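Here the protein sequences line up with chains A and B, keeping their order.
In terms of our numbering, the first sequence opens at residue 139 and continues consecutively.
In terms of our numbering, the second sequence opens at residue 1309 and continues consecutively.
Glycine is no exception: its CB is placed at the ideal position from the N, C-alpha and C atoms.
These figures come from a predicted structure and were not determined experimentally.
To keep things clear, I will list the structure first and then write my remarks on it.
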Amino acid sequence: MTNDDVADATRMIAMALGRGRVPARSSEYARLVQRYQRDPSYAHMVHMAAKGFDLTVLGVDHRSGLILGTTAESSLSLSVTELVPAPLDRPLYLLAQLAIATLAFPRPQDLDDDEFVGRVTASAVDDYVREHALAIEQRITAAGEDQDPPTGQPGLEALWRAYLRRSATGRTKGDNTPFAASRKIVERALKHLVEYGFMHKVPGDGVGTYVTHVKYRVQIRELAAGEMLGELAALGISRLPSGDLGRTTDEPAPPTPGASGPTLTPPLAD
Amino acid sequence: MFFEEPIAAYESLTARMKALAVVRPVVGLDSSKAKTERGWHGYRLAELALAAVDFVALSSDMGTMVRQDAVVREVARYAALQMPEGTESEREAVGTWIIERLINVEERDRAFRQPIGTLNEEGFSVRDFPFQILREVPDEVGRAALVVTEAAINVLLHAIDIDVASAQIAAEARLTAMLKRARIEDALQAALHARRQSLRYAKQLTDWRAAMQRSVRAISWTEQVDEEVELALDHVKARSDAETAMQQRVGELLEITEDERKRQQLIDLGAVLADCLNRHAGLTVLLMQLGPEFRRQQDRQVFVIPALHTRVHLEDQLLRPVLELPIDSADGPLAAFTRAAFGPRRPHVLYLPDFFAALCRITENQPLEPAAVQTDHEWDESADEPLFTPEQEQDAAGILAGVPAAGVHLSTLLRQARLNPPGVSQRWGTDHLVALRVQELFRNIPVSQLAEGKEAVVAIDDGAELDDPRFGGSDFLVLSVRAEPVNAVGGSPAARPIPSPRQPGAPVLAKDQV
Chain A
139 MTNDDVADAT RMIAMALGRG RVPARSSEYA RLVQRYQRDP SYAHMVHMAA
189 KGFDLTVLGV DHRSGLILGT TAESSLSLSV TELVPAPLDR PLYLLAQLAI
239 ATLAFPRPQD LDDDEFVGRV TASAVDDYVR EHALAIEQRI TAAGEDQDPP
289 TGQPGLEALW RAYLRRSATG RTKGDNTPFA ASRKIVERAL KHLVEYGFMH
339 KVPGDGVGTY VTHVKYRVQI RELAAGEMLG ELAALGISRL PSGDLGRTTD
389 EPAPPTPGAS GPTLTPPLAD
Chain B
1309 MFFEEPIAAY ESLTARMKAL AVVRPVVGLD SSKAKTERGW HGYRLAELAL
1359 AAVDFVALSS DMGTMVRQDA VVREVARYAA LQMPEGTESE REAVGTWIIE
1409 RLINVEERDR AFRQPIGTLN EEGFSVRDFP FQILREVPDE VGRAALVVTE
1459 AAINVLLHAI DIDVASAQIA AEARLTAMLK RARIEDALQA ALHARRQSLR
1509 YAKQLTDWRA AMQRSVRAIS WTEQVDEEVE LALDHVKARS DAETAMQQRV
1559 GELLEITEDE RKRQQLIDLG AVLADCLNRH AGLTVLLMQL GPEFRRQQDR
1609 QVFVIPALHT RVHLEDQLLR PVLELPIDSA DGPLAAFTRA AFGPRRPHVL
1659 YLPDFFAALC RITENQPLEP AAVQTDHEWD ESADEPLFTP EQEQDAAGIL
1709 AGVPAAGVHL STLLRQARLN PPGVSQRWGT DHLVALRVQE LFRNIPVSQL
1759 AEGKEAVVAI DDGAELDDPR FGGSDFLVLS VRAEPVNAVG GSPAARPIPS
1809 PRQPGAPVLA KDQV
């Protein structure tokens, strides 16, 4: 191990921390990624150097470079308050982040597929959360439970209710959408993901479709999903993936719409 | 002493309090500070608010929506009945203010809250009942539109009813109110409704197509799609027949109707019908594509060797459980997810003493000057040389100031500009500046100076062609005039008759652009 090797290993971590650095745009980065894949002792050194920062190596990819994950102790992990300063918007914003990931990778196997590219739009994410919230509302109304939170403790209100009540859009005096509208919150979440290099916006399609990068899938698969599952388990909530709530996931394939499907005779003929 | 179960008795109190709470924001409008502060004494704001709720409820049924501007106009119409002497802008201000109060724009989540006591098995507690009156929702094109909440319909539009959140009662109330109060051209409404229905089907089908491209298992063909496709087909078939028939009828009526207003209505109806038929055709194409697309996606996604995976199912294991958690408990898991998803951020400052030293150094080197964003060198590169020197500007101003009341042609002024002032060497380009200034005077008549009765130089086009080696176009007549102040009685505004200007001639600069 020479001093140059140490410089290479730490350089790679510095590259991974920099925004918008990808091997395709930097020959040095590309060289380091290649070295990581060929030289096991160098790879080990990168892991050790990352550990010193309280970071873990989630993966190395020739497109995204070195992908780092934070540990609980890391001082480099992001502060959620910085992302969303308004406390009333924070739960909705965080929910939007989860919903974006869920809509981008609807099936567990999508997280494994290296070629899979998720596509989402702000309105689709908003509609998707609302759809789920409405389903819960219908179920709870049918059960006749009271849903209002105790006075002075708005934090005890259920998350789905807070989301459902928030207007999807609106109009301010300047003819803009209000900052607190739920679609705007989703848009902000998507914008942050773009800023951090996890997605890019498809230019010029009018609806604002965002497309995921490899890095985002790895972050969700290797770290985010597991962390959240752990936190939920700590609250005593754990569910197995099952199709008991309407959406079918592991059923046999639905019948092919052959003869029973739309027998389409052009109805405009007559 | 209770004749029935205390919990059941109290439930009725809670329900009625919820109904009454919805009335409060409306009734409260007339005792609000804003009313006295803005001098809106003559308006009955609560009644105007009810008018707004009525209007939104009547103009939005399943799927249609109404924009805020239209509601403001409607409220302004009612305000005009209350205060015929008020101004239009005041009424619109009243309307806008009422709508904003009904949306409750002051709250971030746009909700009114009323603490209401409830009694259940665990004892008595006070809970916040959140409600809304007007809601902003996205319409088909994603812009904000207004709808009335069910709570508001039940309480404000219909009557006092106990079950505030009942959608069924709300729908019935809307229908009754429509029948009772609105006179609608049935045919037009039916056509518009059918068009919206087509749009809705089209959106649903596009959504399904997107969903099945992600995962064919996400939609159940037998349970949802099949039925909806049948419905959509029926809809297209029925409406196409009805609309083709209606179009014929419209054509027949147009031939025999003389009344101009009716004719216009018929023409409008015809246009809507044509659009409807177009939409239905688009929907048919979508319907034809859906089945083959489903089979194709099924081949692609289902009939492959299943991959072994032990991943988290994001929707089933994370999204669904967290939605039902209280906000406070959901915060931990969601924040952990977001933090982990974003990964490490680049630290702003790696080593604080370095940063401190750097700050100190800058202050030492440049004690009083602010840090320059660009260096001097860059400024020099980007700066343009001024085309004319200050002396030339002065000369040109002097020449124009000396214009007599009788007027002088541009050609004379140009000759004057080309003369060297005594004791000064040739300054090339003063004539160009004079030409520019005169052209500017022709385009921008100094109206404010004239209106105040001050002397001003104006340029007019009297039809003469400019004969000059450098410039072409009209030989403007430049003259200094003094007009009567606008307030003065009678007479022509100008002191002297000004030749009537013809249409602007060719631009004065032509032959030699510098």
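With DSSP as the reference, identify every bridge partner of residue i, one or two as the case may be.
{"i": "aspartate 1790(B)", "result": "It is arginine, not aspartate, that sits at residue 1790(B) in the sequence shown. The partner list for arginine 1790(B) (beta bridge, DSSP) reads Glu1763(B)."}
{"i": "histidine 1717(B)", "result": "Leu1785(B)"}
{"i": "proline 1446(B)", "result": "Ala1452(B)"}
{"i": "tyrosine 348(A)", "result": "Val258(A) and Lys339(A)"}
{"i": "valine 1374(B)", "result": "Leu1454(B)"}
{"i": "isoleucine 151(A)", "result": "DSSP lists no partner for isoleucine 151(A)."}
{"i": "isoleucine 1768(B)", "result": "Leu1785(B)"}
{"i": "arginine 1421(B)", "result": "Pro1438(B)"}
{"i": "glycine 1578(B)", "result": "None; glycine 1578(B) has no bridge partner."}
{"i": "glutamate 1773(B)", "result": "Ser1782(B)"}
{"i": "glycine 203(A)", "result": "Asp199(A)"}
Provide the residue span of the beta strand (DSSP E) that contains residue i, from first to last.
{"i": "valine 195(A)", "result": "193-199"}
{"i": "proline 1438(B)", "result": "1431-1439"}
{"i": "leucine 373(A)", "result": "From DSSP, leucine 373(A) is part of no beta strand (DSSP E); its letter is neither H nor E."}
So what's residue i in DSSP terms, helix, strand or just coil?
{"i": "aspartate 146(A)", "result": "helix"}
{"i": "alanine 1317(B)", "result": "helix"}
{"i": "alanine 1342(B)", "result": "helix"}
{"i": "glycine 1599(B)", "result": "helix"}
{"i": "threonine 1426(B)", "result": "strand"}
{"i": "glycine 1336(B)", "result": "helix"}
{"i": "proline 287(A)", "result": "coil"}
{"i": "leucine 226(A)", "result": "coil"}
{"i": "threonine 1322(B)", "result": "helix"}
{"i": "alanine 1327(B)", "result": "helix"}
{"i": "tryptophan 1516(B)", "result": "helix"}
{"i": "tryptophan 1529(B)", "result": "helix"}
{"i": "glycine 411(A)", "result": "This structure does not reach residue 411(A), given that chain A is present from 139 up to 408, and the question cannot be answered."}
{"i": "arginine 157(A)", "result": "coil"}
Tell me the residue span of the alpha helix (DSSP H) that contains residue i.
{"i": "threonine 209(A)", "result": "Per DSSP, threonine 209(A) belongs to no alpha helix (DSSP H) and is neither H nor E."}
{"i": "phenylalanine 1363(B)", "result": "1353-1367"}
{"i": "threonine 1738(B)", "result": "1738-1751"}
{"i": "valine 218(A)", "result": "218-221"}
{"i": "glycine 1640(B)", "result": "1635-1650"}
{"i": "leucine 1410(B)", "result": "1396-1411"}
{"i": "histidine 185(A)", "result": "178-190"}
{"i": "glutamate 1836(B)", "result": "Residue 1836(B) is absent from the model: chain B starts at 1309 and stops at 1822."}
{"i": "tyrosine 301(A)", "result": "297-303"}
{"i": "aspartate 250(A)", "result": "246-250"}
{"i": "alanine 362(A)", "result": "From DSSP, alanine 362(A) is part of no alpha helix (DSSP H); its letter is neither H nor E."}
{"i": "leucine 331(A)", "result": "320-333"}
{"i": "leucine 1626(B)", "result": "Taken as a continuous stretch (DSSP letters only), leucine 1626(B) belongs to no alpha helix (DSSP H), as it is neither H nor E."}
With respect to 7 angstroms, is the separation between the Cβ of residue i and the closest non-hydrogen atom of the ligand ADP below this value?
{"i": "threonine 1344(B)", "result": "The ligand ADP is not part of this structure, which contains no ligands at all."}
Could you check whether the Cβ of residue i sits closer than 8 angstroms to any Cβ belonging to chain E?
{"i": "leucine 216(A)", "result": "Among the protein chains in the structure shown, which are A and B, there is no chain E."}
Give the residues from the segment 326-337 of chain A that approach chain B closer than 9 angstroms (Cβ to any Cβ), ordered along the chain.
-> Cβ contacts with chain B: Ala327, His330, Leu331, Tyr334 and Phe336.
Are the segment 169-180 of chain A and the segment 1631-1640 of chain B touching by the rule of at least three beta carbon pairs closer than 8 angstroms?
-> Verdict: no, contact absent.
The segment 1420-1433 of chain B: positions lying closer than 8 angstroms to chain A by Cβ = Flagged, chain order: Pro1423, Ile1424, Thr1426, Asn1428 and Ser1433.
Taking Cβ-Cβ distances below 8 angstroms as the criterion, which residues of the segment 1433-1449 of chain B are in contact with chain A?
-> For chain A, the residues of the segment 1433-1449 of chain B that bring a beta carbon within less than 8 angstroms of one of its beta carbons are Ser1433, Val1434, Arg1435, Asp1436, Phe1437, Pro1438, Gln1440, Arg1443, Glu1444, Val1445 and Pro1446, in chain order.
For the segment 251-263 of chain A, enumerate the residues whose C-beta is nearer than 7 angstroms to any C-beta of chain B, in chain order.
-> For the segment 251-263 of chain A, the set of positions with a beta-carbon nearer than 7 angstroms to some beta-carbon of chain B reads Ser261 in chain order.
Below 8 angstroms, can you find three or more Cβ-Cβ pairs linking the segment 178-195 of chain A to the segment 219-228 of chain A?
-> Two segments are said to touch when three or more pairs of C-beta atoms, one from each, lie closer than 8 angstroms; by this definition the segment 178-195 of chain A does not touch the segment 219-228 of chain A.
Short-range partners of chain B found in the segment 183-198 of chain A, where Cβ spacing is below 7 angstroms = Those residues of the segment 183-198 of chain A that come within reach of chain B (Cβ to Cβ, closer than 7 angstroms) are Leu193.
Pairing CB atoms from the segment 1433-1443 of chain B with CB atoms from the segment 1336-1348 of chain B, are three or more of them under 8 angstroms?
-> No, the segment 1433-1443 of chain B is not in contact with the segment 1336-1348 of chain B.
Of all the residues that make up the segment 1633-1646 of chain B, which are near chain A by a beta-carbon distance shorter than 8 angstroms?
-> Correct list: Leu1633, Pro1634, Ile1635, Asp1636, Ser1637, Ala1638, Asp1639, Gly1640, Pro1641, Leu1642, Ala1643, Ala1644, Phe1645 and Thr1646.
Given 8 angstroms, three or more beta-carbon pairs between the segment 240-254 of chain A and the segment 268-279 of chain A | Contact fails: fewer than three Cβ-Cβ distances are below 8 angstroms.
Taking a Cβ distance cut-off of 9 angstroms, strictly less, list which residues of the segment 1621-1633 of chain B are near chain A, in chain order.
-> With the criterion set as a beta carbon lying under 9 angstroms from some beta carbon of chain A, the members of the segment 1621-1633 of chain B are His1621, Leu1622, Glu1623, Asp1624, Gln1625, Leu1626, Leu1627, Arg1628, Pro1629, Val1630, Leu1631, Glu1632 and Leu1633, in sequence order.
Closer than 9 angstroms, Cβ to any Cβ of chain A: which residues of the segment 1448-1462 of chain B, in chain order?
-> Per Cβ criterion, the list reads Gly1450, Arg1451, Ala1452 and Ala1453.
Interface residues of the segment 293-304 of chain A facing chain B [CB-CB below 9 angstroms] = The segment 293-304 of chain A vs chain B, Cβ under 9 angstroms: Gly293, Leu294, Glu295, Ala296, Leu297, Trp298, Arg299, Ala300, Tyr301, Arg303 and Arg304.
Is it true that the segment 283-303 of chain A meets the segment 195-207 of chain A, where meeting means three or more beta-carbon pairs spaced less than 8 angstroms apart?
-> The segment 283-303 of chain A makes no contact with the segment 195-207 of chain A, as fewer than three CB pairs between them are under 8 angstroms.
Quick check: the segment 1760-1778 of chain B against the segment 1711-1731 of chain B, are there 3 or more CB pairs under 8 angstroms?
-> Taking a cut-off of 8 angstroms on C-beta distances, the segment 1760-1778 of chain B touches the segment 1711-1731 of chain B, as three or more cross pairs fall below it.
Count the CB pairs spanning the segment 1394-1410 of chain B and the segment 1420-1432 of chain B that are closer than 8 angstroms, and state whether there are at least three.
-> By the Cβ rule, the segment 1394-1410 of chain B does not count as touching the segment 1420-1432 of chain B, because fewer than three pairs are nearer than 8 angstroms.
Chain-ordered residues of the segment 1768-1781 of chain B with a beta carbon less than 7 angstroms from chain A = Under the 7 angstroms Cβ criterion, the segment 1768-1781 of chain B contributes no residue.
Between the segment 142-155 of chain A and the segment 321-330 of chain A, do at least 3 Cβ pairs fall closer than 8 angstroms?
-> With the cut-off at 8 angstroms, the segment 142-155 of chain A and the segment 321-330 of chain A do not touch.
Name, going along the chain, the residues of the segment 366-379 of chain A whose beta-carbon falls closer than 7 angstroms to a beta-carbon of chain B.
-> Those residues of the segment 366-379 of chain A placed with their C-beta closer than 7 angstroms to a C-beta in chain B are Met366, Leu367, Glu369, Leu370, Leu373, Ile375, Arg377 and Pro379, ordered along the chain.
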